[in-house]
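Top line first, the protein sequences correspond to chains A and B. The letter at position 5 of the first sequence is residue 394 when you use my numbering, and the numbering goes up by one with no holes. The letter at position 22 of the second sequence is residue 411 when you use my numbering, and the numbering goes up by one with no holes. Every residue gets a Cβ at the ideal spot worked out from N, C-alpha and C, and that includes glycine.
Protein chains: 2
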Amino acid sequence: MITEMVEKMLLGDRQALARLITLVERDSREVPDIMKSVYPHIGKAFTVGVTGPPGGGKSTLVGRLAGSARQDERDVGIIAVDPTSPFSGGAILGDRIRMQQHYLDEGVFIRSMATRGSHGGLPRTASGVVKLLDAAGKDFVLVETVGVGQTEIDIMEAADTTVVVLVPEGGDSIQTMKAGLMEIADIFVVNKADRPGADYMLAEVEGMLSQRPDSWWKVPVVATEAVNDKGIEELYRHIKAHEKALGDGGHLDRNRSRQRKLDLLRTIEYRIMSQIVSQIENDKDLARYLERVETGEIDPYSAASQILTNHNLIDAWLKQVRGS
Amino acid sequence: MITEMVEKMLLGDRQALARLITLVERDSREVPDIMKSVYPHIGKAFTVGVTGPPGGGKSTLVGRLAGSARQDERDVGIIAVDPTSPFSGGAILGDRIRMQQHYLDEGVFIRSMATRGSHGGLPRTASGVVKLLDAAGKDFVLVETVGVGQTEIDIMEAADTTVVVLVPEGGDSIQTMKAGLMEIADIFVVNKADRPGADYMLAEVEGMLSQRPDSWWKVPVVATEAVNDKGIEELYRHIKAHEKALGDGGHLDRNRSRQRKLDLLRTIEYRIMSQIVSQIENDKDLARYLERVETGEIDPYSAASQILTNHNLIDAWLKQVRGS
Chain A
390 MITEMVEKML
400 LGDRQALARL
410 ITLVERDSRE
420 VPDIMKSVYP
430 HIGKAFTVGV
440 TGPPGGGKST
450 LVGRLAGSAR
460 QDERDVGIIA
470 VDPTSPFSGG
480 AILGDRIRMQ
490 QHYLDEGVFI
500 RSMATRGSHG
510 GLPRTASGVV
520 KLLDAAGKDF
530 VLVETVGVGQ
540 TEIDIMEAAD
550 TTVVVLVPEG
560 GDSIQTMKAG
570 LMEIADIFVV
580 NKADRPGADY
590 MLAEVEGMLS
600 QRPDSWWKVP
610 VVATEAVNDK
620 GIEELYRHIK
630 AHEKALGDGG
640 HLDRNRSRQR
650 KLDLLRTIEY
660 RIMSQIVSQI
670 ENDKDLARYL
680 ERVETGEIDP
690 YSAASQILTN
700 HNLIDAWLKQ
710 VRGS
Chain B
390 MITEMVEKML
400 LGDRQALARL
410 ITLVERDSRE
420 VPDIMKSVYP
430 HIGKAFTVGV
440 TGPPGGGKST
450 LVGRLAGSAR
460 QDERDVGIIA
470 VDPTSPFSGG
480 AILGDRIRMQ
490 QHYLDEGVFI
500 RSMATRGSHG
510 GLPRTASGVV
520 KLLDAAGKDF
530 VLVETVGVGQ
540 TEIDIMEAAD
550 TTVVVLVPEG
560 GDSIQTMKAG
570 LMEIADIFVV
580 NKADRPGADY
590 MLAEVEGMLS
600 QRPDSWWKVP
610 VVATEAVNDK
620 GIEELYRHIK
630 AHEKALGDGG
640 HLDRNRSRQR
650 KLDLLRTIEY
660 RIMSQIVSQI
670 ENDKDLARYL
680 ERVETGEIDP
690 YSAASQILTN
700 HNLIDAWLKQ
710 VRGS
């Protein structure tokens, strides 16, 4: 059934794609099979992460970039993991309506995702969805996310180009907004550039960038007014330039290799941990440990040591892992 | 040596405390021993998480709250995991100077932490540092963090009271800023309440809160001007009220039990994964898998399945875990 669904998706069936994404999102037991059959078909998509503080107009910018990419005859996928994005349903009606054109375009596939998966669940899931979009022929994937947390960093790891979106603000926020975002940006955008303070902010970001040592890529700073469709072409050109520079320097291949390695380690981690947790939850002896820890009779660290040296538990768990 | 250091810390030695925190932060192999010896001495600290978008004046607010708690004759610990916090060294000189009073106060212990630990490392580490501060007699611990990512959610899990700090902003950001923060707030603060739009924002947050079903705790919304020391007393009173309500309703005990259970599961998870990763890195057979995945010869998901069903690997790894 999975094979059939993947076949359909590869032929362009949007419903099959949507269903597969749902399976990956829900972390169903079919995920390894899905990924195995999808893997031979990926590697063509270029992934652009768009991040920054809330209220920066990222969704509008993503919508505009999708437009540029469509004009450039690319198939576009959009993933919104930002809880405030109109794509993911977090924002006001006006924004949603502004995005509607893309909902009707067959060449654009939009998917929103919950920001808070179970413990550590999301990043892996988001990069799984990128792979599905890739295999489905979307060769330009935009991932919109918010902030500088670990979740976002993990998602950005999967992006080929990271665009950091700032807005001119009153005084103190300028300095602070940049702090966590400086290192991850391949391109800086100052959006809402018609607002007061935009020139100051552009100069300041450029000043900070000029202090960095030379590298194979000079991070550009682009002024945009996404709502008025200004500066988008220039931004898209910079993204294409970064794409080319990544390819020419062999960086893209290296990034992809690293990504595959991370996928392996995280998959192992995830599968082992699901097994361990279900073992602990279903084993009476181990449930007793959890109870004693909950009541405070034993501290969690001593309990962990005892559980890890308990042969029965590990053997039982081992059987499961080997069998699965 | 650990026992000695812990003894010293329990007697109030700040240097011993600082050293133990460093060990926990660096994830040294002594961590389980440290935690085992610290665990009997914890449970007295009340932990307040202060979170919200960058530029909201969280650090100034945390500094003021530390002042209130000191006047209330509590010992204060401050952990800054916000890269933009002046406590953690991210911000401008003025802010740092404003904080300096606390650096000189023996009753306040301040510790900054890196926001980006290794994969999944930080939250566990931050809650470990909270435990050290608790054992060292800090009965009021403030944790300052930024944003709504998974890292922050994990840290907030460890907080007894979560204070979400917003600022009046121009139009669109109001709606968006709240989206990810609504569910985790025990207390809302609108800081910089002298700015235009503050009344509107207060009304709007209260409007959103009024739509929620009644609960044992009615989330208050407090207007503050941290820089001018306004509204801090009221905020501190609300924190104390939440502390009391948590205690009266038995919520505090339940939270602590849940926290201990999480500590156990995460410790197991962490110890198993460190072993697995070091096994993979040191085993030649397995290094071969990593190589094949890096070059793309085999997909990560198939490789994970093969590694997990490979008896030699698991047996070798098992020996290590049991022995440790």
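> Are the C-beta atoms of Arg424 (chain A) and some chain B residue less than 8 Å apart?
Replying inline: For the purposes of this step, residue 424 (chain A) is taken as the residue at position 35 of the first sequence. One point to set straight first is that residue 424 (chain A) is Met, not Arg, in the sequence displayed. Closer than 8 Å: yes.
>> Suppose only complete runs of 3+ residues qualify. What are the beta strand (DSSP E) ranges in the region 599-629 of chain B, listed by chain order?
In response: Qualifying beta strand (DSSP E) stretches, in chain order: 610-612.
> Candidates B:Asp674, B:Lys650, B:Tyr690, B:Asp672: which alpha carbon is nearest Ala676 (chain A)'s?
Replying inline: If you number the first sequence from 1, residue 676 (chain A) lands on position 287. Among B:Asp674, B:Lys650, B:Tyr690, B:Asp672, the Cα nearest to that of Ala676 (chain A) is on B:Lys650.
>> Restricting to Cα atoms, I'd like to know which of B:Asp549, B:Ser691, B:Asp603, B:Asp494 is closest to His627 (chain B).
In response: Position 238 of the second sequence holds residue 627 (chain B). Nearest of B:Asp549, B:Ser691, B:Asp603, B:Asp494 to His627 (chain B), Cα basis: B:Asp549.
>> Between A:Val579, A:Lys673, A:Lys425, A:Ile621, which has its C-alpha nearest Arg453 (chain A)'s C-alpha?
In response: The residue you call residue 453 (chain A) lines up with position 64 of the first sequence. Minimum Cα distance to Arg453 (chain A) is reached at A:Ile621.
>> Cβ closer than 7 Å: which chain B residues qualify as neighbours of Glu595 (chain A)?
In response: Here residue 595 (chain A) is taken as the residue at index 206 of the first sequence, counted from 1. Near Glu595 (chain A) there are no residues of chain B at all, since even the closest Cβ is about 18 Å away, more than 7 Å.
> Which residue or residues does DSSP assign as beta-bridge partners of Ile499 (chain A)?
Replying inline: As a working mapping, residue 499 (chain A) is identified with position 110 in the first sequence. For Ile499 (chain A), which the question treats as bridged, DSSP gives the partners A:Ile467.
> Can you list the residues of chain A that Val682 (chain B) reaches, using a CB-CB cut of under 7 Å?
Replying inline: Sequence index remark: in the second sequence, residue 682 (chain B) carries index 293 (1-based). From the beta-carbon of Val682 (chain B), the residues of chain A found nearer than 7 Å are Arg649, Lys650, Leu653.
> How about Ile410 (chain B) and Arg500 (chain B): do their beta carbons lie closer than 8 Å?
Replying inline: For the purposes of this step, residue 410 (chain B) is taken as residue 21 along the second sequence, with counting starting at 1. For the purposes of this step, residue 500 (chain B) is taken as residue 111 along the second sequence, with counting starting at 1. Yes, the Cβ-Cβ distance between Ile410 (chain B) and Arg500 (chain B) is below 8 Å.
> Applying a beta-carbon distance threshold of less than 7 Å, which residues of chain A neighbour Thr693 (chain B)?
Replying inline: The residue you call residue 693 (chain B) lines up with position 304 of the second sequence. First, the residue type needs correcting, since residue 693 (chain B) is Ala and not Thr in the sequence shown. Chain A residues near Ala693 (chain B): Leu653, Thr656, Ile657, Arg660.
>> Once DSSP output is grouped into helix, strand and coil, what is the label at Val556 (chain A)?
In response: By 1-based counting over the first sequence, the position of residue 556 (chain A) is 167. Of the three classes helix, strand and coil, the one that applies to Val556 (chain A) here is coil, per DSSP.
> Based on the DSSP secondary-structure assignment, which residues constitute the bridge partners of Val579 (chain A)?
Replying inline: In the first sequence, the residue the question calls residue 579 (chain A) occupies position 190. In the DSSP assignment, Val579 (chain A) forms a beta bridge with A:Leu555, A:Ala612.
> What first and last residue would you give for the alpha helix (DSSP H) that runs through Gly438 (chain B)?
Replying inline: The count along the second sequence starts at 1 and reaches residue 438 (chain B) at position 49. Where Gly438 (chain B) is concerned, there is no enclosing alpha helix (DSSP H), although the beta strand (DSSP E) it sits in stretches over 435-440.
> Along chain A, in chain order, which residues have C-beta atoms closer than 7 Å to that of Val421 (chain B)?
Replying inline: Here residue 421 (chain B) refers to the residue found at position 32 when the second sequence is read from its first residue. According to the sequence shown, residue 421 (chain B) is Pro rather than Val. Identification of chain A residues near Pro421 (chain B) by a Cβ-Cβ cut-off of 7 Å yields Tyr690, Ser694, ordered along the chain.
>> Between which two residues does the beta strand (DSSP E) holding Leu531 (chain A) run?
In response: The residue given as residue 531 (chain A) occupies position 142 in the first sequence. Run containing Leu531 (chain A): 529-533, per the beta strand (DSSP E) assignment.
> Buried or exposed: Tyr428 (chain A), going by 16 or more other Cβ atoms within 10 Å of its Cβ?
Replying inline: Within the first sequence, numbered from 1, the residue matching residue 428 (chain A) stands at position 39. Answer is buried; the Cβ neighbour count reaches 16.
>> By the 7 Å beta-carbon criterion, what residues does the region 426-444 of chain B contribute toward chain A?
In response: Tyr428, Pro442, Pro443, Gly444
> Is the Cβ-Cβ distance between Gly441 (chain B) and Lys433 (chain B) less than 8 Å?
Replying inline: As a first step, residue 441 (chain B) is located in the second sequence; it is residue number 52 there, counting from the start. As a first step, residue 433 (chain B) is located in the second sequence; it is residue number 44 there, counting from the start. For Gly441 (chain B) and Lys433 (chain B), no; Cβs fall outside 8 Å.
> Thinking C-alpha only, which one of B:Ala458, B:Leu679, B:Arg660 is nearest Leu646 (chain A)?
Replying inline: In the first sequence, counting from the first residue as 1, residue 646 (chain A) sits at position 257. Checking the sequence shown, residue 646 (chain A) turns out to be Ser, not Leu. The residue among B:Ala458, B:Leu679, B:Arg660 with its C-alpha nearest the C-alpha of Ser646 (chain A) is B:Leu679.
> Looking at C-alpha atoms only, which residue of B:Leu624, B:Arg584, B:Arg601 is the closest neighbour of Val578 (chain B)?
Replying inline: Position 189 of the second sequence holds residue 578 (chain B). Answer by Cα proximity: B:Leu624.
>> Between Lys527 (chain A) and Gly466 (chain A), how many whole angstroms is the CB-CB distance? I'm expecting something under 8 Å.
In response: Position 138 of the first sequence, counted from the first residue, corresponds to residue 527 (chain A). Position 77 of the first sequence, counted from the first residue, corresponds to residue 466 (chain A). Lys527 (chain A) to Gly466 (chain A), Cβ: 4 Å. Contact.
> At which residues does the alpha helix (DSSP H) containing Met398 (chain A) begin and terminate?
Replying inline: Within the first sequence, the letter at position 9 stands for residue 398 (chain A). Start and end: 391-399.
> Below 8 Å between beta carbons: does that hold for Ala582 (chain B) and Glu614 (chain B)?
Replying inline: Counting from one through the second sequence, the residue named residue 582 (chain B) turns up at place 193. Counting from one through the second sequence, the residue named residue 614 (chain B) turns up at place 225. It is a contact, given that the beta carbons lie within the stated cut-off.
> How is Thr698 (chain B) classed by DSSP in three states: helix, strand or coil?
Replying inline: In the second sequence, the residue the question calls residue 698 (chain B) occupies position 309. In this structure, Thr698 (chain B) counts as helix in the three-state DSSP scheme.
> From the beta carbon of Gly685 (chain A), is the nearest beta carbon of chain B less than 8 Å away?
Replying inline: Residue 685 (chain A) sits at position 296 when you count from the first residue of the first sequence. Closer than 8 Å to some Cβ of chain B, the Cβ of Gly685 (chain A) qualifies, so yes.
>> I'd like to know if Leu521 (chain B) contacts chain A, where contact means its C-beta is closer than 8 Å to some C-beta of that chain.
In response: Residue numbering aside, residue 521 (chain B) sits at position 132 when the second sequence is read from its first letter. Taking Cβ atoms only, chain A never reaches closer than 8 Å to Leu521 (chain B), which makes this a no.
> Name the chain A residues whose beta carbon is nearer than 8 Å to that of Ser646 (chain B)?
Replying inline: Position 257 of the second sequence, counted from the start, is the residue given in the question as residue 646 (chain B). Near Ser646 (chain B) (Cβ distances below 8 Å), the residues of chain A are Glu683, Thr684, Gly685.
>> Taking DSSP's pairing of strands, which residues face Thr550 (chain B) in a bridge?
In response: Taking the second sequence and counting its residues from 1, one reaches residue 550 (chain B) at position 161. B:Val437, per the DSSP bridge assignment.
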